[in-house]
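All remarks here apply to the structure that follows.
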């Protein structure tokens, strides 16, 4: 079996998938950037149901977006492969990738949204745990095993399976077991005006 590195260098750049994936993931990146303030504000106020609903709605959007992108790329697989790639062999691999991988970006989006939501709750270690689980417990071993056993097709399938499992596991654990309250930040100490003046900090006079 060819090593994983040679498989990746041979097929992955030629598939043009990373470039298309980056474009297709823009809404999911935007979602992960906006969920933090929602979970943080509601979690800090003790609105647990709202935090859980924010996670649930984000996860559903990610799954729906993945399905929508899969449908679009499945229809456009032939013209896109012809447009991007010169050889018939690379075009065939590109079509295979666009028929398998896009639907799994929903799982990737779920992992991103969960991590960002936990950051908003002041629980970044939970977000780190989600990313470590996806990358090292699922993505690396499944891609490696798939490539070693089945070549490029196995590598693509391992990537897809890792994202699907990461999304399903993350959604289940977050909605079922994860804490939905925010950790209170430490209050900043109040510096007396006289002490602030000695330290050279400008003090606004009382009106």
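In the working numbering, the protein residues as written are 44 to 250. We put the CB at the ideal spot given by N, CA and C, even for glycine. Note that the coordinates shown come from a computational prediction; the quantities given were computed from them, not determined experimentally.
Are residue i and residue j close, meaning C-beta to C-beta below 9 Å?
i           : j           : result
residue 109 : residue 155 : no
residue 210 : residue 160 : no
residue 177 : residue 140 : no
residue 163 : residue 86  : yes
residue 112 : residue 67  : yes
residue 101 : residue 63  : no
residue 218 : residue 95  : yes
residue 157 : residue 170 : yes
residue 201 : residue 175 : no
residue 69  : residue 97  : no
residue 106 : residue 152 : yes
How would you write the range of the alpha helix (DSSP H) that residue i sits in, first residue to last?
i           : result
residue 132 : 131-143
residue 158 : 148-163
residue 89  : First-last for residue 89: undefined, no H or E at that position.
residue 191 : 183-220
residue 169 : 167-175
Could you check what DSSP says for residue i in three-state terms: helix, strand or coil?
i           : result
residue 254 : Past the boundaries of the shown model lies residue 254; the chain is included only from 44 to 250, so the question cannot be answered.
residue 49  : Note on residue 49: pLDDT 47, under 50, position unreliable in the model; the coordinate value appears next. Helix at residue 49.
residue 111 : helix
residue 230 : Per-residue confidence for residue 230 stands at a pLDDT of 46, beneath the threshold of 50, marking its modelled position as unreliable; the derived number appears in the next sentence. Of the three classes helix, strand and coil, the one that applies to residue 230 here is coil, per DSSP.
residue 225 : coil
residue 119 : helix
residue 71  : helix
residue 128 : coil
* At least three beta-carbon pairs within less than 8 Å, the region 219-227 to the region 188-207 -> no
* Decide yes or no for the touch test of the region 99-116 against the region 128-146: beta carbon pairs closer than 8 Å, at least 3 of them. => Taking 8 Å as the limit for Cβ pairs, the verdict is that the region 128-146 does touch the region 99-116.
* Asked: Counting Cβ pairs, one atom from each stretch, are 3 or more of them under 8 Å apart for the region 122-129 and the region 78-98?
  -> Judged by Cβ distances under 8 Å, the region 122-129 makes no contact with the region 78-98, as fewer than three pairs qualify.
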